Amino acid sequence: GGRGEPSPMVSRMYPTSTTIAAFGPANDPCYVLGLAQSADGVYLAASLSTHAVKVWHRGDGTLGACVDLTGHGGPVTDVSFPLPHEPWAVLSSSEDGTTRLWDCRASGKAQEAQRYHAHFAKSHATAALGGGNDHLVAAGCQEKIIFWDRRAANGLEVFEDSHSEDVTRVRFQPSRRNRLFTASVDGLACAFDCGGNPADINDEAGLMAVMATETAIVEMGFCGAGAGAGEDDAFWVLTGNEECFVFDAGASVETLGDLKAHVPDTRAAAAHAAAAAGCGALAEKVDYLVSCFSSPSAAGGAPLVVAGTQAGALGVFPVVRHGIELPGRASLGAPLATFEGGHKDIVRAFVPGAAPVTGAEDSRVCVWGHSPPANGGESIGGKAARDAG
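Under full-length UniProt numbering, the residues of the sequence shown are numbered 1 to 389, in order.
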């Protein structure tokens, strides 16, 4: 059972181009760890297991090599394009104890525009750039959150009491740049107001909300909250045991941090929804969650969960909230789209959009479209096409 034709509502996506991020030795392939896209959609960056950040120009359904940002002396832990009005600026953090701001228009030494470090922080797990004037850089280092002045690169403040275990992610809210959200292995996410005088930011006075999942948080971001809400009025987290939580991140301070949705055993919920819709590739077992996002044109702007299999198939599932009597309890609806035939290993990153992009542990970066490639699936770059047989 469950092997029938997928219901017509499920959109099957095909890899329209495949790029090998880096050629490692056969016994040590290069993992794609994270992906980020610039606000204008021009640049795509991948953090690689080679300690480099590779940047491409996004063309019409393809990726054109732009620049390799090399310099980190340890694994890259986070990558983002933090500035909508400076789409060439890339922020990365690393286990080498630095967070760096890069200019991907520059060449050579000029690529590294700024470096942020603190003598007591041997490893940076995550970094973000924001604040009302885009003047703050924040990084998570063990249980601390360290702040620097973006331009002077001097230390401003350290939040030491917000989390009791390692901070895993920090993010400024795109539409409310003074709000910083943090997440930790301790199972808590916090929202802080970092507005006002940079010298006065404070983890006690600035704490706006605390959200609890009771298990380690490994990933987070912002998405829409459904019809009529802003496109980042919800805050999502994924936990180490692969569950998804969505919290309120709207304008009101009163409701900030309220639980909007929790999908218990999200992987099983995804597999169940896939089986019910006849999506064979995801019906047997869903192994991990990749991220969340929303689209005004899909599921009424509700949060969408991206989940995948060990073999590299992905599905996008809408979060469906239950009745009012169980606040926050939610499940997953039938998949809106499946992504098959692009990857052969665990997918680590997903960038939504008209032509979504994925990156995986098979060192491939795939751009996806609604129709099979005209060349019968032969991928650009040669090697991927030969391997696919």
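The C-beta atom is built at its ideal place from N, Cα and C for all residues, glycine as well.
Here the structure is a predicted model, which is why all the values come from computation and not from measurement.
Under the three-state DSSP convention, the category P198 falls into:
Sequence index remark: in the sequence shown, residue 198 carries index 198 (1-based). Three-state DSSP puts P198 in a helix.
If you count every other CB in all the chains shown that lies within 10 Å of the CB of G73, and 16 or more means buried, which is it?
Here residue 73 refers to the residue found at position 73 when the sequence shown is read from its first residue. Per the 10 Å Cβ criterion, exposed.
For G59, does the count of other Cβ atoms within 10 angstroms reach 16, so buried, or fall short, so exposed?
For the purposes of this step, residue 59 is identified with residue 59 of the sequence shown, where counting begins at 1. Burial call: exposed.
Report the option in V167, L33, T19, S11 whose CA atom is closest to the CA atom of V367.
Reading the sequence shown from its first residue, position 367 is the one you call residue 367. If we check each option's Cα against that of V367, T19 comes out closest.
Give the straight-line distance between the Cα atoms of G2 and L282, rounded to the nearest whole angstrom.
Position 2 of the sequence shown, counting from 1, holds the residue named residue 2. Position 282 of the sequence shown, counting from 1, holds the residue named residue 282. With a pLDDT of 41 at G2, under the threshold of 50, the modelled position of that residue is not reliable, and no figure is offered here.
Helix, strand or coil at R364 [DSSP, three-state]:
Here the question's residue 364 lines up with position 364 in the sequence shown. DSSP places R364 in strand when its eight states are reduced to three.
Distance cutoff 8 Å, beta carbons only. Does F293 sit that close to anything in chain B?
Judged by its chain identifiers, the structure shown contains no chain B, having just a single protein chain.
How big is the Cα-Cα spacing for A269 and R321?
Mapped onto the sequence shown, residue 269 falls at position 269. Mapped onto the sequence shown, residue 321 falls at position 321. About 13 Å.
Compare the Cα-Cα distances from C292 to each of P264, R179, E86, E219 and report the closest residue.
Taking the sequence shown and counting its residues from 1, the one referred to as residue 292 is at position 292. Measuring from the Cα of C292, the nearest candidate turns out to be E219.
Using DSSP bridges, identify the partner residues of residue 411.
Limits of the chain in this structure are 1 at one end and 389 at the other, which puts residue 411 out of reach.
Pairing CB atoms from the segment 126-138 with CB atoms from the segment 166-178, are three or more of them under 8 Å?
yes
For a quick check, are the C-beta atoms of A21 and L48 less than 8 Å apart?
Taking the sequence shown and counting its residues from 1, one reaches residue 21 at position 21. Taking the sequence shown and counting its residues from 1, one reaches residue 48 at position 48. Going by C-beta atoms, A21 is nearer than 8 Å to L48.
If you reduce the DSSP assignment to three classes, tell me which class Q173 lands in.
Position 173 of the sequence shown holds residue 173. Of the three classes helix, strand and coil, the one that applies to Q173 here is strand, per DSSP.
Along the alpha helix (DSSP H) that carries G280, what are the first and last residues, could you check?
Residue 280 sits at position 280 when you count from the first residue of the sequence shown. Per DSSP, G280 belongs to the alpha helix (DSSP H) from 280-283.
Can you tell me whether DSSP reads A355 as helix, strand or coil?
Counting from 1 along the sequence shown, the entry for residue 355 is found at position 355. In this structure, A355 counts as coil in the three-state DSSP scheme.
So, with DSSP's three-state summary, where would you put A106?
For the purposes of this step, residue 106 is taken as residue 106 along the sequence shown, with counting starting at 1. If DSSP states are grouped into helix, strand and coil, A106 belongs with coil.
Reduced DSSP secondary structure (H/G/I, E/B, other) of A299:
Taking the sequence shown and counting its residues from 1, the one referred to as residue 299 is at position 299. In this structure, A299 counts as helix in the three-state DSSP scheme.
I need the straight-line Cα distance from V137 to H124, nearest angstrom please.
Along the sequence shown, read from residue 1 onward, the residue named residue 137 stands at position 137. Along the sequence shown, read from residue 1 onward, the residue named residue 124 stands at position 124. Going by the C-alpha atoms only, they are around 12 Å apart.
Which residues mark the beginning and the end of the beta strand (DSSP E) in which R267 is found?
As a position in the sequence shown, residue 267 is number 267, starting the count at 1. That residue, R267, is in no beta strand (DSSP E); its alpha helix (DSSP H) goes 266-276.
Can you check the segment 121-151 for any beta strand (DSSP E) of at least 3 residues that lies completely inside it and give the ranges in chain order?
126-130, 136-141, 144-149
Sequence ranges, beta strand (DSSP E) only - wholly within the segment 24-48, length at least 3
For the segment 24-48, whole beta strand (DSSP E) runs of length 3 or above, ordered along the chain, are 32-37, 43-48.
Where D28 and T50 are concerned, what is the direct C-alpha to C-alpha distance, given to the nearest angstrom?
The residue labelled residue 28 in the question sits at position 28 within the sequence shown. The residue labelled residue 50 in the question sits at position 50 within the sequence shown. Each residue's alpha carbon lies about 10 Å from the other.
Which of the three DSSP states is assigned to Q310 in this structure?
Residue 310 sits at position 310 when you count from the first residue of the sequence shown. The answer is coil: DSSP assigns Q310 none of H, G, I, E or B.
Measuring straight from C-alpha to C-alpha, what distance separates N178 and P318?
Residue mapping note: residue 178 aligns to position 178 of the sequence shown, counting from 1. Residue mapping note: residue 318 aligns to position 318 of the sequence shown, counting from 1. The alpha-carbon atoms of N178 and P318 are separated by roughly 29 Å.
CB-CB under 7 Å to T213, same chain, minus the five flanking residues each way: which ones, in chain order?
Looking up residue 213 in the sequence shown gives position 213. G187, V237, T239, F245.
Flag this pair as yes or no: are the beta carbons of G250 and A229 separated by less than 8 Å?
Translated into the one-based positions of the sequence shown, residue 250 becomes position 250. Translated into the one-based positions of the sequence shown, residue 229 becomes position 229. The answer is yes: Cβ separation under 8 Å.
Between the C-alpha atoms of E378 and P15, what's the straight-line distance to the nearest angstrom?
Here the question's residue 378 lines up with position 378 in the sequence shown. Here the question's residue 15 lines up with position 15 in the sequence shown. Note on E378: pLDDT 43, under 50, position unreliable in the model; no value is reported.
Which same chain residues, not among the five before or five after G382, have their C-beta less than 8 Å away from its C-beta?
Taking the first residue of the sequence shown as 1, we reach residue 382 at position 382. Low confidence applies here, because G382 scores a pLDDT of 37, under 50, leaving its location unreliable; read the following figure in that light. Short of 8 Å from the beta carbon of G382, and not among the five residues preceding or following it, lies no beta carbon of its own chain.
With distances taken Cα to Cα, identify the nearest neighbour of V365 among R348, G353, A374, P373.
The residue labelled residue 365 in the question sits at position 365 within the sequence shown. Nearest C-alpha to V365: R348.
Quick one: any contact between the segment 186-206 and the segment 259-278, if contact means 3 or more CB pairs under 8 Å?
no
Where does K285 land, buried or exposed, given buried means 16+ other C-beta within 10 angstroms?
Counting from 1 along the sequence shown, the entry for residue 285 is found at position 285. Flag for K285 reads exposed.
Buried or exposed (CB count within 10 angstroms, at least 16 for buried), L304:
By 1-based counting over the sequence shown, the position of residue 304 is 304. Buried.
Where does the unbroken beta strand (DSSP E) through P15 begin, and where does it stop?
In the sequence shown, the residue the question calls residue 15 occupies position 15. Its beta strand (DSSP E) spans residues 11-20.
Beta-ladder partner(s) of E214, from DSSP:
One-based indexing of the sequence shown puts residue 214 at position 214. None; E214 has no bridge partner.
CB V90 to CB V53, shorter than 8 Å?
Counting from one through the sequence shown, the residue named residue 90 turns up at place 90. Counting from one through the sequence shown, the residue named residue 53 turns up at place 53. Less than 8 Å divides the Cβ of V90 from the Cβ of V53.
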